[in-house]
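What follows is one structure encoded as structure tokens, with my remarks underneath.
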Amino acid sequence: MVVGPRLISLPTWHYPSHSPDRNSYGRSIAIHFSPAMAAAYSLTLSSPFPKPNTAISAPKPLNPLLKASIPVRYGGNRTLRISCSSLSISSPGLRTGPDDLVASILSKVTQTDGGVSLTKEEHKEVAEVAQELQNYCVDEPVKSPLIFGEWDVVYCSRPTSPGGGYRSTLGRLFFRTKEMIQAVESPDIVRNKVSFSALGFLDGEVSLKGKLTVLDDKWIQVIFEPPELKVGSLEFIYGGESEVKLQITYIDEKIRLGKGSRGSLFVFQRR
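Under UniProt numbering, the first residue of the sequence shown carries the number 1, and numbering increases by one thereafter.
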């Protein structure tokens, strides 16, 4: 919303050209705009005619950034002198910090089935916010104690990455994902669990246990043991070992962002 200047009407004095009091002195008109304009201006008119000493004043502008005095001659000996000063008022609401970005990215990925229901444009919006959050990441996030705890996997740019075939287009026809959890335990244990409902009535889960290795200040590697499948009262161990590499791009008390070696973006929310 733009607020216009507040106008002030001042009295006008007329002096005949033959007036004996023709000593020159300035007549001042001060006009100040409201702080909502984020600027202040002051105008001074100089005239060769005498005048009463009348002025309207207002508070001085805060933090002036620019001052200038410009004489302009018009109509014979009359001179208009304009002096200007401006100020800058910051608007904290326009600056986006990490808390706002965290709230934004969570609002975009919550209740999207881990990102499955998002459009291409919505995935792009999530990636843009994640990119902004990288600017606020702590140094050496892999050494931060914040990584420990239980996390919900609330988003992946490639929905099949967490859960494998159970999260594929065909797998989702038979398996409805209930939750995806990652637990990071000190000093170097990672446990992944995907809970699902098979055919709408049979509960099950796939779990993996892995060992975490720090590669550098941002990258970690996890080597997982063969996955364990539970369906009802039945338990199976199938497949072989697997490994993943993940870059931690942001972490705080609420969320953790990670990027896989193939470019997949993950959003983890602390439980």
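C-beta atoms are modelled at their ideal positions from N, C-alpha and C, and glycine is treated no differently.
Check	Outcome
Output the distance between the C-alpha atoms of Glu235 and Gln269, rounded to the nearest integer angstrom.	29 Å
By the 10 Å Cβ neighbour count, where 16 or more other Cβ atoms means buried, how is Pro227 classified, buried or exposed?	buried
Measure the alpha-carbon distance for Ser261 versus Thr119 and round it to whole angstroms.	23 Å
Can you tell which of Phe266, Lys193 and Glu205 has its C-alpha closest to the C-alpha of Ser233?	Glu205
What residue range is occupied by the uninterrupted alpha helix (DSSP H) comprising Ser104?	Pro98 to Val109
So, is the C-beta of Ala198 closer than 7 Å to a C-beta in chain C?	The question asks about chain C, but that chain is absent: this structure has only one protein chain.
Measuring alpha carbon to alpha carbon, tell me which of Glu243, Thr96, Ala127 and Trp219 ends up nearest Val109.	Ala127
Taking a contact to mean a Cβ-Cβ separation below 7 Å, would you say Ser242 touches Arg158 in this structure?	no
Taking Val222 as the reference, give the member of Glu150, Gln182, Leu101 and Gly114 with the closest Cα.	Gln182
Return the first residue and the last residue of the alpha helix (DSSP H) that Gln131 is part of.	Lys120 to Leu133
Output the distance between the C-alpha atoms of Ser144 and Ile220, rounded to the nearest integer angstrom.	13 Å
Expressed to the nearest angstrom, what Euclidean distance is found between the alpha-carbon atoms of Glu140 and Val214?	11 Å
Which runs of the beta strand (DSSP E) fall wholly inside the region 185-265 and span at least 3 residues, in chain order?	189-198, 202-214, 219-224, 228-231, 234-237, 242-251 and 255-260
Using only the alpha-carbon positions, how far apart do residue 280 and Ala130 sit?	This structure does not reach residue 280, given that the chain is present from 1 up to 271, and the question cannot be answered.
Looking at the unbroken beta strand (DSSP E) that takes in Asp152, where does it start and where does it end?	Gly149 to Cys156
Measuring CA to CA, which of Val184, Val194 and Leu106 is closest to Leu212?	Val184
Just mark Phe201 as buried or exposed, buried being the case when its beta carbon has 16 or more other beta carbons within 10 Å.	exposed
Spatial neighbours of Thr112 within its chain, please: C-beta separation below 6 Å, excluding the five flanking residues on both sides.	Leu118
Note down, in chain order, each residue of its chain lying with its Cβ closer than 8 Å to the Cβ of Phe148, except the 5 sequence neighbours on either side.	Val184, Glu185 and Ser186
Any idea what DSSP makes of Val138, helix, strand or coil?	coil
Per DSSP, what are the beta-bridge partners of Thr177 in this structure?	Phe196
Sort His123, Lys124, Trp151 and Val231 by Cα distance to Val190 and report the nearest one.	Trp151
Look at Val154 and Val267 and say whether their C-beta atoms are less than 7 Å apart.	yes
Within this structure, are the beta carbons of Leu133 and Tyr250 separated by less than 7 Å?	yes
On a Cα-Cα basis, can you pick out the residue from Thr177, Thr96 and Asn135 that is closest to Gly114?	Thr177
Whose C-alpha, out of Lys218, Asp188, Val231 and Asp217, is nearest the C-alpha of Val194?	Val231
Determine the contact status of Ile248 and Val142, defining contact as a CB-CB distance below 7 Å.	yes
Run through the DSSP bridge pairs and tell me what Val267 is partnered with.	Tyr155 and Leu257
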